[in-house]
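Undergrad: Quick one: the structure is below, and I'll ask about it shortly.
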Amino acid sequence: MKNRNGYIDVNGSKIYFEVSGNLNGEPLLMLHGGLGSLNELSSIHQYVATEYQLISVDFRGHGKSFLGNSPLSYMQYQEDIQYVLSREFKSEVHHSLN
Numbered sequence: 158m159k160n161r162n163g164y165i166d167v168n169g170s171k172i173y174f175e176v177s178g179n180l181n182g183e184p185l186l187m188l189h190g191g192l193g194s195l196n197e198l199s200s201i202h203q204y205v206a207t208e209y210q211l212i213s214v215d216f217r218g219h220g221k222s223f224l225g226n227s228p229l230s231y232m233q234y235q236e237d238i239q240y241v242l243s244r245e246f247k248s249e250v251h252h253s254l255n
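Everything in the sequence shown is counted per my numbering, starting at 158 for the first residue and increasing by one.
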């Protein structure tokens, strides 16, 4: 079901992403839990892939993404994700860490 994947250079790291599902659907950002990878999200795909364009990202230092030199933090994860979305998907990013 994977349609496209790749790496984006972000602040000394390479962040891995995959795009799958309905490429004409509304984008749905899929983020894994701590110490995980985007592979953990595959069981959810069957429920949402026909309706949504799924954008899955491995956090810095997780899965296929490289650790880089920056210390890991939620703020760094947020900055990485925002950069990936702005570069690859040219979209305005809104976020909440609550």
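Note that CB positions come from ideal geometry on N, CA and C, so glycine has one too.
Where does the unbroken alpha helix (DSSP H) through Leu-242 begin, and where does it stop?
TA: Here the alpha helix (DSSP H) through Leu-242 covers 231-245.
Undergrad: Go to Ser-213, then tell me how far its beta strand (DSSP E) extends in each direction, as first and last residue.
TA: From DSSP, the beta strand (DSSP E) with Ser-213 extends over 209-214.
Undergrad: Which class does Ser-200 belong to by DSSP, given the choice of helix, strand or coil?
TA: Reduced to three states, the DSSP call for Ser-200 is helix.
Undergrad: Just to confirm, is the Cβ distance from Ser-227 to Gln-235 under 8 angstroms?
TA: No. Outside cutoff.
Undergrad: Check for me: the beta strand (DSSP E) holding Ser-222 runs from which residue to which?
TA: Ser-222 -> no beta strand (DSSP E), and no H or E assigned at all.
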